[in-house]
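One structure is given below, encoded as structure tokens.
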Amino acid sequence: MGENSFCLNGKVAAVTGGAQGLGLAMAQALAKAGAKVALLDIDMEKCQAEAGKLESEYEVESLAIYADVRKLDQMEAAVAQIVERFGGLDIFVNNAGICKNIKAEEMTLEEWQEVIDINLTGVFIGSQVAGKQMIKQGGGSIINIASMSGSIVNVPQPQCSYNASKAGVIHLTKSLASEWAQYSIRVNSISPGYMKTAMTEKTLQTDMAKDWWLRLTPMGRPGLSHELGGAVVFLASDASSFMTGADLIIDGGYTVW
Ligand SMILES: NC(=O)c1ccc[n+]([C@@H]2O[C@H](COP(=O)([O-])OP(=O)(O)OC[C@H]3O[C@@H](n4cnc5c(N)ncnc54)[C@H](O)[C@@H]3O)[C@@H](O)[C@H]2O)c1
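Just so you know, the numbering used here puts 210 at position 198 of the sequence shown, and the rest follows in order with no gaps.
Next up, the structure:
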């Protein structure tokens with residue numbers, strides 16, 4: 013192990029849904045640790061602006077790529093572009109995700125499917141395209157953004173498709189860790205609790221959030237996106253070299269109650 017096992021100098025990382033929120037904050041943490049970072053998103057305007065800022069703020073090379081995590085061809089092309097530009101791919105963060113708060117008895121199949129397609133199938137596609145490249149290279153680290161909703165059921169809002177998709181991500185992570193340990197690819201997940209991002213911002217201002225979300229969180233506050241930075245650098249780097257198939261819950265204590 014080197015002097016600073018958290019150092020990512022010379023490594024190449026990619027983050028799906030990296031144009032804003034938790035994905036962007038994790039991309040910033042990876043860049044700060046020295047990695048070159050590709051942002052993959054469907055919002056190209058934000059993606060390009062943020063990739064430019066990564067280059068100027070952290071003095072690392074960056075790339076903005078249009079890629080919908082549901083589309084295998086776009087994700088394959090994204091990895092090919094990263095490898096061509098940076099010479100490889102060492103760290104892949106499957107972060108893109110959506111949530112729909114719809115009662116189970118009222119949800120259409122299309123609404124159910126959209127959440128599963130982005131949150132679960134998207135993680136499989138991202139892992140497969142990154143995994144194939146990492147097998148060729150002789151190793152890498154894949155980090156899947158699940159949620160505490162993969163272990164508990166949030167209350168009071170209904171979100172069965174989200175919860176099921178995130179439970180799927182946690183078990184897919186363990187399955188890939190098992191299959192790919194032989195190729196020196198580590199696969200772990202991070203499960204955040206309530207974090208302040210565009211996904212939750214409006215709801216966090218309501219009495220419902222104060223009465224339920226924050227009262228049920230021992231630390232009594234939502235997480236801030238930069239508070240996942242340490243975990244993603246840890247899982248991406250040699251500091252976690254004996255860790256695979258694990259789920260790191262970062263939730264202000266929500267799941268202990
Ligand atoms: N915010 C929270 O409280 C919280 C808690 C636990 C887990 N998470 C998970 O963290 C991840 C990021 O959440 P966030 O709060 O930053 O969300 P966000 O809505 O702020 O950002 C999501 C990003 O993903 C992109 N995206 C959406 N669909 C995509 C697709 N099909 N292909 C590529 N990119 C796509 C969006 O354009 C956006 O840039 C999600 O997987 C979410 O489920 C969030």
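Where a beta carbon is used, it is the ideal one built from N, C-alpha and C, also for glycine.
Just so we're clear, the structure is a prediction, and the values are computed from it rather than from any experiment.
* **Reduced DSSP category for Y78 - H, G, I as helix; E, B as strand; rest coil** => Position 66 of the sequence shown holds residue 78. Strand, per DSSP.
* Asked: Near A43, which residues of its chain fall below 6 angstroms by C-beta distance, leaving aside the five closest residues on each side in sequence?
  -> Working through the sequence shown from its first residue, we reach residue 43 at position 31. Taken in chain order, the residues that qualify are V49, L66, Y70, V72.
* To do: Pick out the complete beta strand (DSSP E) segments inside the stretch 121–191, 3 residues or longer, and give them in chain order.
  => 152–157
* Report the three-state DSSP secondary structure of A50 (helix, strand or coil). => Within the sequence shown, residue 50 is the residue found at index 38, counting from 1. Here A50 sits in strand by DSSP.
* **Entirely enclosed beta strand (DSSP E) segments - the stretch 185–265, minimum 3 residues** => 197–204, 259–262
* **Meets three-Cβ-pair contact criterion under 8 angstroms: the stretch 125–144 and the stretch 168–181** => yes
* Would you tell me roughly how many angstroms separate the C-alpha atoms of D223 and C172, rounded to the nearest one? => Within the sequence shown, residue 223 is the residue found at index 211, counting from 1. Within the sequence shown, residue 172 is the residue found at index 160, counting from 1. In a straight line, the C-alpha of D223 is about 21 angstroms away from that of C172.
* Got a sec: does ligand 1 put a non-hydrogen atom nearer than 7 angstroms to the Cβ of V141? -> Walking along the sequence shown from the start, residue 141 turns up at place 129. Result no, Cβ not under 7 angstroms from ligand 1.
* **Helix, strand or coil at F98 [DSSP, three-state]** => Within the sequence shown, the letter at position 86 stands for residue 98. DSSP places F98 in helix when its eight states are reduced to three.
* With 16 as the cutoff for other CB atoms within 10 Å, does L236 come out buried or exposed? -> For the purposes of this step, residue 236 is taken as residue 224 along the sequence shown, with counting starting at 1. Under this definition L236 is an exposed residue.
* Asked: Hey, out of A41, G22, W225, G205, whose CA is closest to G100's CA?
  -> Within the sequence shown, numbered from 1, the residue matching residue 100 stands at position 88. With distances taken between Cα atoms, G100 lies closest to G22.
* Which of helix, strand or coil does DSSP assign to A26? -> Along the sequence shown, read from residue 1 onward, the residue named residue 26 stands at position 14. Correct three-state label for A26: strand.
* **Counterpart residues of N106 in DSSP-defined beta bridges** => Taking the first residue of the sequence shown as 1, we reach residue 106 at position 94. According to DSSP, N106 bridges with N156.
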